[in-house]
Amino acid sequence: MRPAPPESLEDFLHVAWDPAPAEARAATAKRRFVAAVSGLVVTLLLWGGYYAWSRHAGDSWRGTGLWGVTAVVLGLYVALLVVRLVVWRVAVRRRRRVGDGEVVTASWPGLQIAGHYWDWDSFAAADRTAMVVTVTGRSPGPADRQEPAGREGQIVPEQPAVVLTLRGTWRCGDRYLFTTPDGPWECPVEALGVTPAALEQALRLYSRGRCLVDLSGISH
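And the structure:
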């Protein structure tokens with residue numbers, strides 16, 4: 009028998025989207041891109057002015073290596089411009105993935121994610137289907153789990169659902185991976201208005217041990 013919830017505890021955990029980190033990252037990337045464009049324009053004006061002054065003074069750049077230096081400098085600025093453009097586009101794309109309003113609601117009966125609701129038993133059953141306990145010494149991925157108890161190859165019934173945290177890359181940050189009865193659902197860790205530790209404690213509490221969050225994939 010699972011313990012009854014404390015009477016003083018809220019009946020729901022409401023988690024809303026938090027677009028502030030993604031918006032700040034996109035704004036910073038845009039400023040850096042604009043700065044790179046400005047730097048390229050200033051460089052073109054300086055080198056163009058120097059070339060015009062040299063021509064006016066009767067000096068020739070032929071054989072002096074100045075054309076090579078100019079090409080290298082302009083190439084570096086163009087490369088920097090392209091990199092910052094890519095970073096800006098990635099940041100904008102990540103911002104568009106963040107919605108508005110409430111996205112996760114945990115309650116004693118079940119869990120609602122992005123408008124889809126499941127009771128805790130159904131949610132846990134979807135995650136534990138044919139789960140095989142493996143002891144590999146590494147963080148579990150979407151295709152396996154790491155369980156300290158049990159032997160390799162043993163099918164463990166009634167295991168809790170595990171919300172995975174996936175380590176981020178330069179294209180996307182750390183993410184949550186929920187295995188739901190309707191399929192996997194991902195969202196950025198920073199896009200939820202709750203800390204990973206608070207989410208783990210809340211899901212563990214409201215599900216009464218039927219849903220946990222594996223925090224080992226978070227890079228900070």
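Heads up: the sequence shown is residues 9 to 228, going by our numbering. Note that the Cβ used here is the ideal one computed from N, Cα and C, for glycine as well. Note that the coordinates shown come from a computational prediction; the quantities given were computed from them, not determined experimentally.
Report buried or exposed for ASP67, applying the criterion of at least 16 other Cβ atoms within 10 angstroms of its Cβ.
Position 59 of the sequence shown, counted from the start, is the residue given in the question as residue 67. Per the 10 Å Cβ criterion, exposed.
By the three-class DSSP mapping on this structure, what secondary structure does ASP129 have?
As a working mapping, residue 129 is identified with position 121 in the sequence shown. If DSSP states are grouped into helix, strand and coil, ASP129 belongs with the helices.
In the structure shown, what three-state DSSP assignment does TRP69 receive?
In the sequence shown, residue 69 corresponds to position 61, counting from 1. Coil.
According to the Cβ coordinates, are TYR214 and VAL197 closer than 8 Å?
Walking along the sequence shown from the start, residue 214 turns up at place 206. Walking along the sequence shown from the start, residue 197 turns up at place 189. Result no, Cβ atoms of TYR214 and VAL197 do not sit closer than 8 Å.
From GLU110, LEU89, TYR58 and ALA87, pick the residue whose C-alpha is nearest to that of TRP75; which is it?
Residue mapping note: residue 75 aligns to position 67 of the sequence shown, counting from 1. Closest option to TRP75, Cα to Cα, is TYR58.
If I follow the unbroken alpha helix (DSSP H) through TRP55, where does it start and stop?
As a working mapping, residue 55 is identified with position 47 in the sequence shown. 28-64 is the span of the alpha helix (DSSP H), which, as asked, contains TRP55.
Proximity to LEU211 [Cα-Cα], best of THR203, VAL221 and VAL202
In the sequence shown, the residue the question calls residue 211 occupies position 203. Among THR203, VAL221 and VAL202, the Cα nearest to that of LEU211 belongs to VAL221.
Ordered along the chain, which non-local residues of its own chain (more than five positions away) have a Cβ less than 7 Å from that of PRO117?
In the sequence shown, the residue the question calls residue 117 occupies position 109. The residues are ASP127.
Which residue or residues does DSSP assign as beta-bridge partners of TRP75?
By one-based count along the sequence shown, residue 75 stands at place 67. Partner(s): none; TRP75 has no beta bridge.
Can you say whether LEU21 is buried or exposed, counting buried as having 16 or more other CB atoms within 10 angstroms of its CB?
Taking the first residue of the sequence shown as 1, we reach residue 21 at position 13. The residue in question, LEU21, is buried, as its Cβ has 16 or more Cβ neighbours within 10 Å.
Less than 8 Å separating the beta-carbons of VAL170 and ASP129?
The count along the sequence shown starts at 1 and reaches residue 170 at position 162. The count along the sequence shown starts at 1 and reaches residue 129 at position 121. Contact flag unset, no.
Contact set for GLY109: own chain, Cβ-Cβ below 8 Å, skip 5 residues either direction:
Here the question's residue 109 lines up with position 101 in the sequence shown. So the list reads ALA24 and TRP25, once near-sequence residues are dropped.
Where does the unbroken alpha helix (DSSP H) through PRO204 begin, and where does it stop?
The sequence position of residue 204 within the sequence shown is 196, counting from 1. Here the alpha helix (DSSP H) through PRO204 covers 204-214.
Nearest candidate by alpha-carbon position, reference CYS219, set LEU200, PHE186 and GLY225:
Counted from its first residue, the sequence shown places residue 219 at position 211. Ranking the options by Cα distance to CYS219, first place goes to PHE186.
Taking a contact to mean a Cβ-Cβ separation below 8 Å, would you say PRO204 touches THR177 in this structure?
Here residue 204 refers to the residue found at position 196 when the sequence shown is read from its first residue. Here residue 177 refers to the residue found at position 169 when the sequence shown is read from its first residue. Not in contact: PRO204 and THR177 (Cβ atoms no closer than 8 Å).
What would DSSP say about ALA99, mapped onto helix, strand or coil?
Here residue 99 corresponds to residue number 91 of the sequence shown, with the count starting at 1. If DSSP states are grouped into helix, strand and coil, ALA99 belongs with the helices.
Would you list the residues sitting across from ILE121 in a DSSP beta bridge?
Here the question's residue 121 lines up with position 113 in the sequence shown. Answer by DSSP bridge pairing, in chain order: VAL112 and HIS124.
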